[in-house]
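> According to the working numbering, the sequence shown is numbered sequentially starting from 545.
No residue lacks a Cβ here, since even glycine has one placed at the ideal position from N, Cα and C.
Please find one structure pasted underneath; my questions will follow.
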Amino acid sequence: MSSAKPKSKASQPRPSPQELQQQYNRYQSELQTLASKIGELEQEAEEHNLVLSTLDEALVEEPDRKCFRLVGGVLVERTVKDVVPALKTNRDGIQKVISNLVEQYKSKDEEFENFKREYNIRPQPAS
Numbered sequence: 545m546s547s548a549k550p551k552s553k554a555s556q557p558r559p560s561p562q563e564l565q566q567q568y569n570r571y572q573s574e575l576q577t578l579a580s581k582i583g584e585l586e587q588e589a590e591e592h593n594l595v596l597s598t599l600d601e602a603l604v605e606e607p608d609r610k611c612f613r614l615v616g617g618v619l620v621e622r623t624v625k626d627v628v629p630a631l632k633t634n635r636d637g638i639q640k641v642i643s644n645l646v647e648q649y650k651s652k653d654e655e656f657e658n659f660k661r662e663y664n665i666r667p668q669p670a671s
């Protein structure tokens, strides 16, 4: 998708204003997509925490109590003691993905700031 560009700035002509605008918009879009995905996954992790806090009480009092879980669009019956470890694993996996996406976001944001600094880009306020 992306081609490797030589490091030498002297050999590269300055991009046209249209190319700069396209690159600027691309950075904004990528950052917005990453932020949206992070928010979505944080909400999902919070839902997992809510369910786990409810099931932890049931796990202590009645570990063989039946509960239902949606797996691939199919509702399956399990016991609380079977579901809790799977939910914890899912939640931990989601949190790892979130931290990975946050790192990607920070990296892309830093790249964007360098791009703006390199080409002396200052966004104009909407009028």
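1. If Leu575 sits next to Tyr649, beta carbons under 8 Å apart, how far is it from one beta carbon to the other, in whole angstroms?
2. Could you tell me how far apart the beta carbons of Ile642 and Ala589 are, in whole angstroms, since I believe they sit closer than 8 Å?
3. So Leu631 packs on Val604, CB below 8 Å; how close in whole Å?
4. Does the distance from the CB of Arg635 to the CB of Thr623 come in under 8 Å?
5. Applying the 10 Å Cβ sphere with the 16-neighbour rule, what's the burial state of Leu599?
6. Where do the ends of the alpha helix (DSSP H) carrying Glu647 lie?
7. CA-CA distance, Gln660 and Pro667?
8. Name the DSSP beta bridge partners of Leu614, please?
9. Taking the C-alpha atoms as reference points, what is the distance between Pro629 and Gln587?
According to the data block:
1. Counting from 1 along the sequence shown, the entry for residue 575 is found at position 31. Counting from 1 along the sequence shown, the entry for residue 649 is found at position 105. Right, their Cβ atoms sit about 7 Å apart.
2. Taking the first residue of the sequence shown as position 1, residue 642 is located at position 98. Taking the first residue of the sequence shown as position 1, residue 589 is located at position 45. Right, the Cβ-Cβ distance comes to about 7 Å (below 8 Å), so this counts as a contact.
3. Sequence index remark: in the sequence shown, residue 631 carries index 87 (1-based). Sequence index remark: in the sequence shown, residue 604 carries index 60 (1-based). Not quite, the Cβ-Cβ distance comes to about 15 Å (not below 8 Å), so this is no contact.
4. Taking the first residue of the sequence shown as 1, we reach residue 635 at position 91. Taking the first residue of the sequence shown as 1, we reach residue 623 at position 79. Contact flag unset, no.
5. Against the sequence shown, residue 599 aligns to sequence position 55. Leu599 comes out buried.
6. The residue labelled residue 647 in the question sits at position 103 within the sequence shown. Unbroken alpha helix (DSSP H) run through Glu647: Val624 to Glu662.
7. To locate residue 660, count along the sequence shown from 1; it is residue 116. To locate residue 667, count along the sequence shown from 1; it is residue 123. First, the amino acid is wrong: residue 660 is Lys here, not Gln. Using only the alpha carbons, I get a separation of about 9 Å.
8. In the sequence shown, the residue the question calls residue 614 occupies position 70. Answer is Leu619.
9. One-based indexing of the sequence shown puts residue 629 at position 85. One-based indexing of the sequence shown puts residue 587 at position 43. C-alpha separation (whole angstroms): 20 Å.
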